[in-house]
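J.:
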Amino acid sequence: MTSTKEIRNQIVSVINTKKITKAMEMVAVSKMRKTEERMKSGRPYSDIIRKVIDHVVQGNLEYKHSYLEEREIKRIGIIVISTDRGLCGSLNSNLFKQILFKIQKFAKINIPCDLILFGLKSLSVFKLFKSNILAKVTNLGENPQLEELINSVKIILEAYKNKQIDKIFIAYNKFHNKMFQHPKITQLLPFSKENIKSTSNNIWDYLYEPESKLILDILFNRYIESQVYQSILENIASEQAARMIAMKTATDNSGNRIKELQLVYNKVRQANITQELTEIVAGASAVSID
(Lines of atoms letter the chains of each structure in order from A and count residues from 1; the text may use other names and numbers.)
(Lines give C-alpha, C1' and ligand atoms only; values in the text may rest on other atoms or scores of the structure.)
Protein backbone atom coordinates (compact mmCIF):
# COMPACT_ATOMS: atom_id res chain seq x y z
CA MET A 1 0.00 0.00 0.00
CA THR A 2 1.21 3.52 -0.80
CA SER A 3 2.37 5.40 2.28
CA THR A 4 0.85 8.70 3.35
CA LYS A 5 4.22 10.40 2.83
CA GLU A 6 4.30 9.36 -0.85
CA ILE A 7 0.73 10.56 -1.37
CA ARG A 8 1.54 13.92 0.29
CA ASN A 9 4.51 14.30 -2.06
CA GLN A 10 2.24 13.59 -5.05
CA ILE A 11 -0.28 16.18 -3.83
CA VAL A 12 2.45 18.82 -3.44
CA SER A 13 3.76 18.00 -6.93
CA VAL A 14 0.30 18.35 -8.52
CA ILE A 15 -0.33 21.59 -6.61
CA ASN A 16 2.92 23.03 -8.01
CA THR A 17 1.93 21.89 -11.51
CA LYS A 18 -1.44 23.56 -11.09
CA LYS A 19 0.23 26.84 -10.15
CA ILE A 20 2.39 26.67 -13.28
CA THR A 21 -0.49 25.87 -15.65
CA LYS A 22 -2.63 28.60 -14.09
CA ALA A 23 0.18 31.14 -14.60
CA MET A 24 0.62 30.00 -18.22
CA GLU A 25 -3.13 30.30 -18.76
CA MET A 26 -3.09 33.92 -17.54
CA VAL A 27 -0.10 34.73 -19.76
CA ALA A 28 -1.88 33.18 -22.76
CA VAL A 29 -5.01 35.25 -22.02
CA SER A 30 -2.95 38.45 -21.99
CA LYS A 31 -1.10 37.57 -25.20
CA MET A 32 -4.27 36.40 -26.93
CA ARG A 33 -5.96 39.77 -26.46
CA LYS A 34 -3.03 41.56 -28.09
CA THR A 35 -2.62 39.07 -30.95
CA GLU A 36 -6.38 38.99 -31.57
CA GLU A 37 -6.50 42.79 -31.85
CA ARG A 38 -3.52 42.76 -34.22
CA MET A 39 -5.10 40.00 -36.31
CA LYS A 40 -8.47 41.76 -36.54
CA SER A 41 -6.86 45.08 -37.47
CA GLY A 42 -5.20 43.39 -40.46
CA ARG A 43 -8.35 41.71 -41.78
CA PRO A 44 -9.93 44.77 -43.48
CA TYR A 45 -6.86 45.35 -45.69
CA SER A 46 -6.56 41.64 -46.50
CA ASP A 47 -10.27 41.36 -47.37
CA ILE A 48 -10.33 44.53 -49.49
CA ILE A 49 -7.26 43.64 -51.54
CA ARG A 50 -8.78 40.20 -52.09
CA LYS A 51 -11.94 41.83 -53.46
CA VAL A 52 -9.85 44.06 -55.72
CA ILE A 53 -7.99 41.02 -57.07
CA ASP A 54 -11.27 39.14 -57.61
CA HIS A 55 -12.64 42.08 -59.60
CA VAL A 56 -9.47 42.49 -61.65
CA VAL A 57 -9.35 38.78 -62.51
CA GLN A 58 -12.89 38.97 -63.95
CA GLY A 59 -11.75 41.47 -66.57
CA ASN A 60 -10.36 40.66 -70.00
CA LEU A 61 -6.86 41.70 -69.01
CA GLU A 62 -4.60 43.16 -71.65
CA TYR A 63 -1.52 42.01 -69.73
CA LYS A 64 -1.53 38.29 -68.87
CA HIS A 65 0.31 38.00 -65.58
CA SER A 66 2.08 34.73 -64.72
CA TYR A 67 -0.01 34.49 -61.52
CA LEU A 68 -3.11 34.02 -63.71
CA GLU A 69 -1.61 31.29 -65.85
CA GLU A 70 -3.20 27.86 -65.47
CA ARG A 71 -0.72 25.17 -66.50
CA GLU A 72 -0.14 21.45 -66.19
CA ILE A 73 0.75 20.56 -62.61
CA LYS A 74 4.17 18.92 -62.39
CA ARG A 75 5.20 20.22 -58.97
CA ILE A 76 3.43 21.99 -56.12
CA GLY A 77 4.55 24.20 -53.26
CA ILE A 78 3.02 24.67 -49.81
CA ILE A 79 3.67 27.53 -47.40
CA VAL A 80 3.23 25.97 -43.94
CA ILE A 81 2.56 28.25 -40.95
CA SER A 82 2.87 26.60 -37.53
CA THR A 83 3.88 27.60 -34.02
CA ASP A 84 7.37 27.76 -32.50
CA ARG A 85 6.27 26.27 -29.18
CA GLY A 86 3.98 23.48 -28.06
CA LEU A 87 1.49 23.27 -25.18
CA CYS A 88 -1.33 24.40 -27.46
CA GLY A 89 -3.37 21.22 -27.71
CA SER A 90 -3.87 19.61 -31.11
CA LEU A 91 -3.51 22.89 -33.03
CA ASN A 92 -0.37 21.88 -34.93
CA SER A 93 -1.11 18.17 -35.27
CA ASN A 94 -4.49 18.77 -36.93
CA LEU A 95 -2.85 21.11 -39.44
CA PHE A 96 0.01 18.71 -40.19
CA LYS A 97 -2.43 15.84 -40.80
CA GLN A 98 -4.20 17.82 -43.52
CA ILE A 99 -0.91 18.91 -45.11
CA LEU A 100 0.47 15.37 -45.15
CA PHE A 101 -2.81 14.13 -46.63
CA LYS A 102 -2.53 16.68 -49.46
CA ILE A 103 1.14 15.83 -50.07
CA GLN A 104 0.33 12.12 -50.23
CA LYS A 105 -2.61 12.81 -52.54
CA PHE A 106 -0.33 14.52 -55.07
CA ALA A 107 2.44 11.95 -54.52
CA LYS A 108 0.08 9.21 -55.72
CA ILE A 109 0.03 10.87 -59.14
CA ASN A 110 3.81 11.49 -59.07
CA ILE A 111 3.65 15.19 -58.26
CA PRO A 112 6.35 16.19 -55.72
CA CYS A 113 6.01 19.01 -53.20
CA ASP A 114 8.31 21.82 -52.00
CA LEU A 115 7.79 23.50 -48.64
CA ILE A 116 8.32 26.91 -47.09
CA LEU A 117 8.14 26.50 -43.32
CA PHE A 118 7.23 29.06 -40.67
CA GLY A 119 7.63 27.85 -37.08
CA LEU A 120 9.85 25.32 -35.30
CA LYS A 121 7.09 22.71 -34.99
CA SER A 122 6.65 22.39 -38.75
CA LEU A 123 10.43 22.14 -39.19
CA SER A 124 10.75 19.29 -36.68
CA VAL A 125 7.86 17.35 -38.26
CA PHE A 126 8.69 17.69 -41.95
CA LYS A 127 12.37 16.94 -41.34
CA LEU A 128 11.24 13.54 -40.10
CA PHE A 129 9.36 12.95 -43.36
CA LYS A 130 12.44 14.10 -45.34
CA SER A 131 10.38 16.69 -47.21
CA ASN A 132 12.02 19.08 -49.66
CA ILE A 133 12.32 22.33 -47.67
CA LEU A 134 13.13 25.45 -49.72
CA ALA A 135 13.30 27.86 -46.76
CA LYS A 136 12.44 28.09 -43.08
CA VAL A 137 11.65 30.91 -40.66
CA THR A 138 11.59 30.32 -36.90
CA ASN A 139 11.14 32.39 -33.73
CA LEU A 140 8.33 34.49 -35.21
CA GLY A 141 7.24 35.97 -31.89
CA GLU A 142 3.87 37.60 -31.23
CA ASN A 143 4.42 40.54 -33.60
CA PRO A 144 6.42 39.45 -36.68
CA GLN A 145 7.54 42.05 -39.20
CA LEU A 146 6.70 41.59 -42.87
CA GLU A 147 10.24 42.48 -43.94
CA GLU A 148 11.58 39.48 -42.01
CA LEU A 149 9.14 37.08 -43.69
CA ILE A 150 8.92 38.15 -47.29
CA ASN A 151 12.38 36.94 -48.40
CA SER A 152 11.40 33.33 -47.73
CA VAL A 153 8.13 33.79 -49.64
CA LYS A 154 10.03 35.28 -52.59
CA ILE A 155 11.91 31.99 -52.98
CA ILE A 156 8.76 30.04 -53.78
CA LEU A 157 7.36 32.90 -55.91
CA GLU A 158 10.52 32.92 -58.03
CA ALA A 159 10.21 29.16 -58.45
CA TYR A 160 6.61 29.69 -59.62
CA LYS A 161 7.61 32.41 -62.09
CA ASN A 162 10.37 30.17 -63.46
CA LYS A 163 7.81 27.35 -63.89
CA GLN A 164 9.61 25.12 -61.40
CA ILE A 165 6.41 25.06 -59.33
CA ASP A 166 2.97 25.08 -60.94
CA LYS A 167 0.65 25.60 -57.97
CA ILE A 168 1.14 27.12 -54.52
CA PHE A 169 -0.95 26.51 -51.41
CA ILE A 170 -0.84 28.16 -47.99
CA ALA A 171 -1.67 26.20 -44.83
CA TYR A 172 -2.41 27.79 -41.45
CA ASN A 173 -4.87 27.82 -38.54
CA LYS A 174 -7.87 30.10 -39.05
CA PHE A 175 -9.02 32.02 -35.95
CA HIS A 176 -12.79 32.11 -35.46
CA ASN A 177 -13.11 32.77 -31.75
CA LYS A 178 -11.44 31.95 -28.45
CA MET A 179 -12.93 28.45 -28.44
CA PHE A 180 -12.70 27.48 -32.10
CA GLN A 181 -9.78 27.49 -34.53
CA HIS A 182 -9.46 25.15 -37.47
CA PRO A 183 -6.73 24.22 -40.00
CA LYS A 184 -7.13 25.72 -43.46
CA ILE A 185 -5.35 25.07 -46.75
CA THR A 186 -6.11 27.46 -49.61
CA GLN A 187 -4.73 27.89 -53.10
CA LEU A 188 -2.54 30.97 -53.31
CA LEU A 189 -1.40 30.72 -56.93
CA PRO A 190 -2.51 30.73 -59.64
CA PHE A 191 -5.53 32.98 -59.03
CA SER A 192 -8.61 30.90 -59.72
CA LYS A 193 -11.78 32.24 -61.32
CA GLU A 194 -13.82 29.25 -60.17
CA ASN A 195 -14.84 30.74 -56.80
CA ILE A 196 -15.51 34.24 -58.15
CA LYS A 197 -19.06 35.28 -58.99
CA SER A 198 -18.99 37.29 -62.16
CA THR A 199 -20.50 40.77 -61.90
CA SER A 200 -20.95 41.18 -65.63
CA ASN A 201 -21.21 39.12 -68.80
CA ASN A 202 -19.52 41.83 -70.85
CA ILE A 203 -15.84 41.75 -71.85
CA TRP A 204 -14.13 44.69 -70.19
CA ASP A 205 -10.87 45.85 -68.68
CA TYR A 206 -9.52 48.75 -66.64
CA LEU A 207 -7.65 51.73 -68.01
CA TYR A 208 -4.19 51.72 -66.44
CA GLU A 209 -1.84 54.60 -65.82
CA PRO A 210 1.12 54.44 -66.39
CA GLU A 211 0.81 50.84 -67.72
CA SER A 212 -0.98 47.63 -66.84
CA LYS A 213 2.19 45.54 -66.36
CA LEU A 214 3.59 47.83 -63.65
CA ILE A 215 0.27 48.24 -61.83
CA LEU A 216 -0.65 44.55 -61.88
CA ASP A 217 2.83 43.41 -60.82
CA ILE A 218 2.67 45.67 -57.75
CA LEU A 219 -0.96 44.79 -57.01
CA PHE A 220 -0.47 41.03 -57.24
CA ASN A 221 2.70 41.12 -55.13
CA ARG A 222 0.95 43.21 -52.46
CA TYR A 223 -1.86 40.67 -52.47
CA ILE A 224 0.52 37.74 -51.89
CA GLU A 225 2.29 39.62 -49.10
CA SER A 226 -0.98 40.53 -47.40
CA GLN A 227 -2.36 36.98 -47.55
CA VAL A 228 0.82 35.43 -46.13
CA TYR A 229 1.16 38.04 -43.38
CA GLN A 230 -2.52 37.84 -42.41
CA SER A 231 -2.31 34.04 -42.31
CA ILE A 232 0.61 34.31 -39.89
CA LEU A 233 -1.36 36.71 -37.68
CA GLU A 234 -4.34 34.32 -37.75
CA ASN A 235 -2.10 31.44 -36.74
CA ILE A 236 -0.50 33.39 -33.86
CA ALA A 237 -3.91 34.37 -32.48
CA SER A 238 -5.05 30.74 -32.82
CA GLU A 239 -1.94 29.58 -30.96
CA GLN A 240 -2.59 31.80 -27.94
CA ALA A 241 -6.28 30.87 -27.84
CA ALA A 242 -5.47 27.16 -28.07
CA ARG A 243 -2.79 27.49 -25.37
CA MET A 244 -5.24 29.29 -23.09
CA ILE A 245 -7.77 26.45 -23.47
CA ALA A 246 -5.07 23.77 -23.04
CA MET A 247 -3.71 25.36 -19.88
CA LYS A 248 -7.20 25.87 -18.44
CA THR A 249 -7.94 22.20 -19.07
CA ALA A 250 -4.65 21.22 -17.44
CA THR A 251 -5.43 23.43 -14.42
CA ASP A 252 -8.89 21.90 -14.05
CA ASN A 253 -7.48 18.38 -14.36
CA SER A 254 -4.86 19.19 -11.73
CA GLY A 255 -7.61 20.34 -9.36
CA ASN A 256 -9.52 17.10 -9.93
CA ARG A 257 -6.36 15.05 -9.41
CA ILE A 258 -5.66 16.84 -6.11
CA LYS A 259 -9.15 15.95 -4.87
CA GLU A 260 -8.63 12.30 -5.85
CA LEU A 261 -5.26 12.15 -4.09
CA GLN A 262 -6.67 13.80 -0.95
CA LEU A 263 -9.42 11.17 -0.87
CA VAL A 264 -6.83 8.39 -1.22
CA TYR A 265 -4.69 10.05 1.47
CA ASN A 266 -7.62 10.17 3.90
CA LYS A 267 -8.44 6.50 3.23
CA VAL A 268 -4.83 5.38 3.74
CA ARG A 269 -4.51 7.52 6.88
CA GLN A 270 -7.76 6.09 8.25
CA ALA A 271 -6.60 2.56 7.45
CA ASN A 272 -3.30 3.17 9.26
CA ILE A 273 -5.12 4.54 12.32
CA THR A 274 -7.48 1.56 12.34
CA GLN A 275 -4.54 -0.83 12.04
CA GLU A 276 -2.71 0.87 14.93
CA LEU A 277 -5.82 0.74 17.13
CA THR A 278 -6.27 -2.93 16.29
CA GLU A 279 -2.65 -3.66 17.23
CA ILE A 280 -3.02 -1.74 20.51
CA VAL A 281 -6.23 -3.58 21.42
CA ALA A 282 -4.66 -6.92 20.53
CA GLY A 283 -1.60 -6.12 22.62
CA ALA A 284 -3.72 -5.04 25.56
CA SER A 285 -5.77 -8.23 25.29
CA ALA A 286 -2.60 -10.34 25.31
CA VAL A 287 -1.27 -8.60 28.40
CA SER A 288 -4.57 -8.99 30.29
CA ILE A 289 -4.72 -12.71 29.47
CA ASP A 290 -1.24 -13.19 30.82
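Heads up, the sequence shown is in full-length UniProt numbering, so the first residue is 1 and it goes up one at a time. The beta carbon of each residue, even a glycine, is placed where N, CA and C say it ideally should be. Predicted model, so just to flag it, every value in this text is computed and none were measured.
(1) Among Ala171, Lys121, Phe106, which residue has its Cα nearest to the Cα of residue 291?
(2) Could you name the residues of the same chain whose beta carbon sits closer than 8 Å to that of residue 307, not counting the 5 residues immediately before and after it, in chain order?
(3) Give a single yes or no on whether Leu188 has its beta carbon closer than 7 Å to a heavy atom of the ligand SAH.
(4) Starting from Leu115, trace the beta strand (DSSP E) both ways and give me its first and last residue.
(5) Let's test the definition: count the other Cβ atoms within 10 Å of the Cβ of Lys259 and tell me whether it reaches 16, buried, or not, exposed.
(6) Does DSSP classify Gln145 as helix, strand or coil?
(7) So Ile81 packs on Ala171, CB below 8 Å; how close in whole Å?
(8) If I measure Cβ to Cβ from Gln240 and keep anything under 6 Å in the same chain, skipping five residues before and after, which residues do I get?
(9) Taking Asn92 as part of the alpha helix (DSSP H), name the residues at either end of that continuous run.
(10) Short check: CB of Ile133 to CB of Leu117, under 8 Å?
(11) Roughly how many angstroms separate the alpha carbons of residue 292 and Met26, rounded to a whole number?
(12) Output the distance between the C-alpha atoms of Phe220 and Ile150, rounded to the nearest integer angstrom.
(13) Determine the DSSP secondary structure at Gln58, reduced to helix, strand or coil.
(14) When you compare each of His182, Tyr265, Ser285, Ala286 to Glu6 by their alpha carbons, which one comes out closest?
(15) Using a Cβ-Cβ cut-off of 7 Å (strictly less than) and excluding sequence neighbours within five positions of Lys248, which residues of its own chain qualify?
T.: With the structure as the only source:
(1) Here the chain covers residues 1 to 290 and nothing more, so residue 291 does not appear.
(2) Outside the shown range of the chain (1 to 290) lies residue 307, about which nothing can therefore be said.
(3) The ligand SAH is absent from the structure shown, which contains no ligands of any kind.
(4) Along the sequence shown, read from residue 1 onward, the residue named residue 115 stands at position 115. For Leu115, the enclosing beta strand (DSSP E) begins and ends at 113 to 118.
(5) The residue labelled residue 259 in the question sits at position 259 within the sequence shown. Note on Lys259: under 16 other CB atoms within 10 angstroms of its CB, so exposed under the neighbour-count rule.
(6) In the sequence shown, counting from the first residue as 1, residue 145 sits at position 145. DSSP places Gln145 in coil when its eight states are reduced to three.
(7) As a position in the sequence shown, residue 81 is number 81, starting the count at 1. As a position in the sequence shown, residue 171 is number 171, starting the count at 1. About 7 Å; that satisfies the 8 Å criterion.
(8) Counting from one through the sequence shown, the residue named residue 240 turns up at place 240. Correct list, in chain order: Ala28, Lys31, Met32, Thr35.
(9) In the sequence shown, the residue the question calls residue 92 occupies position 92. Unbroken alpha helix (DSSP H) run through Asn92: 91 to 107.
(10) Here residue 133 refers to the residue found at position 133 when the sequence shown is read from its first residue. Here residue 117 refers to the residue found at position 117 when the sequence shown is read from its first residue. Yes.
(11) Outside the shown range of the chain, which is 1 to 290, sits residue 292, and nothing can be said about it.
(12) The count along the sequence shown starts at 1 and reaches residue 220 at position 220. The count along the sequence shown starts at 1 and reaches residue 150 at position 150. Taking the CA atoms as reference points, Phe220 sits about 14 Å from Ile150.
(13) The residue labelled residue 58 in the question sits at position 58 within the sequence shown. Helix.
(14) Taking the sequence shown and counting its residues from 1, the one referred to as residue 6 is at position 6. With respect to the C-alpha of Glu6, the residue from His182, Tyr265, Ser285, Ala286 having the closest C-alpha is Tyr265.
(15) Along the sequence shown, one-based indexing puts residue 248 at 248. If the five residues before and after Lys248 are omitted, its C-beta is found closer than 7 Å to the C-beta atoms of Glu25, all from its own chain and listed in chain order.
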